[in-house]
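Using this note's numbering, read the sequence shown as starting at 3 and increasing by one per residue. C-beta: ideal position from N, C-alpha, C; glycine also.
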Amino acid sequence: MIKEILEYNKKFVESKGYEKYITGKYPKKKIAILTCMDTRLTELLPAALGIHNGDAKIIKNAGGVVTDKFGEAIRSLLVAVYELGVTDVMVIAHTDCGACHMNAAEMEQQMMARGIARDTIDLVDYCGRDLNAWLQGFGDTGRSVKDTVHAIANHPLIPRDVRVSGFIMDSVTGALTLVE
């Protein structure tokens, strides 16, 4: 698959397919979106929001959540706010999210089945990370959105003038529902 992607990329560059995507690094709409990495959202989310290349900073992870107050999601939002002029943050989860039902114990079993030693898995706890909490799904999408909005809006390094709101997107239609 990587070989096919590289072949396509070469043709894309040679034909100057990139020209219609040229834009600056500053988001035109001054918005950052924290969302899920789900493949259904790759084109649906920007289309449903009217977001075009250069309009927004889109930060993706499994579930569109903040799991660590000093993790990569918050770091990316801090860069967006302080370096790139973002004034609004949207947290957008979605229906039928795979991260909702993740099971840490099952994932551990899959790791071991793929050759990761039990001792290596145990190192995660030794390094100060609760593996079960880190890999466990969130169960309630609405609660997850509320918790993530709260974590961002009340983060000590996020200025109070940054507006943070949460939504759940329908994975089929793209319809947004505000999470109060």
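Cα-Cα separation, residue i to residue j
| i | j | result |
| --- | --- | --- |
| residue 131 | residue 137 | 10 Å |
| residue 13 | residue 7 | 10 Å |
| residue 11 | residue 21 | 14 Å |
| residue 95 | residue 51 | 14 Å |
| residue 110 | residue 127 | 13 Å |
| residue 180 | residue 148 | 10 Å |
| residue 152 | residue 182 | 11 Å |
| residue 167 | residue 178 | 12 Å |
| residue 86 | residue 23 | 19 Å |
| residue 33 | residue 43 | 17 Å |
| residue 47 | residue 80 | 22 Å |
| residue 91 | residue 108 | 33 Å |
| residue 164 | residue 28 | 16 Å |
| residue 263 | residue 9 | Because the chain in this structure spans residues 3 to 182, residue 263 falls outside the shown range and cannot be described. |
| residue 41 | residue 174 | 12 Å |
Buried versus exposed call for residue i [16 or more other C-beta atoms within 10 Å across all chains shown]
| i | result |
| --- | --- |
| residue 142 | exposed |
| residue 26 | exposed |
| residue 17 | exposed |
| residue 150 | buried |
| residue 15 | exposed |
| residue 124 | exposed |
| residue 99 | buried |
Residue nearest to residue i in terms of C-alpha spacing, selected from the options
| i | options | result |
| --- | --- | --- |
| residue 97 | 53, 88 and 66 | 66 |
| residue 134 | 30, 156, 170 and 104 | 104 |
| residue 140 | 32, 34 and 38 | 38 |
| residue 170 | 155, 80 and 35 | 35 |
| residue 71 | 93, 156, 168 and 172 | 156 |
| residue 30 | 164, 89 and 68 | 89 |
| residue 102 | 129, 63, 112 and 81 | 63 |
| residue 68 | 40, 93, 46 and 42 | 93 |
| residue 144 | 45, 172 and 44 | 172 |
| residue 82 | 154, 9 and 176 | 154 |
| residue 176 | 45, 3, 19 and 54 | 45 |
According to DSSP, residues forming a beta bridge with residue i
| i | result |
| --- | --- |
| residue 168 | 93 and 181 |
| residue 38 | 63 |
Any C-beta of chain D under 8 Å from that of residue i
| i | result |
| --- | --- |
| residue 145 | The question asks about chain D, but that chain is absent: this structure has only one protein chain. |
Answer yes if the stretch 54 to 66 comes into contact with the stretch 110 to 121, meaning at least three C-beta pairs across the two stretches below 8 Å, and no otherwise.
In short, these stretches do not touch, since the Cβ pair count stays below three.
If you pair each beta-carbon of the stretch 71 to 89 with each one of the stretch 153 to 160, do three or more pairs fall below 8 Å?
Enough Cβ pairs lie closer than 8 Å, so yes.
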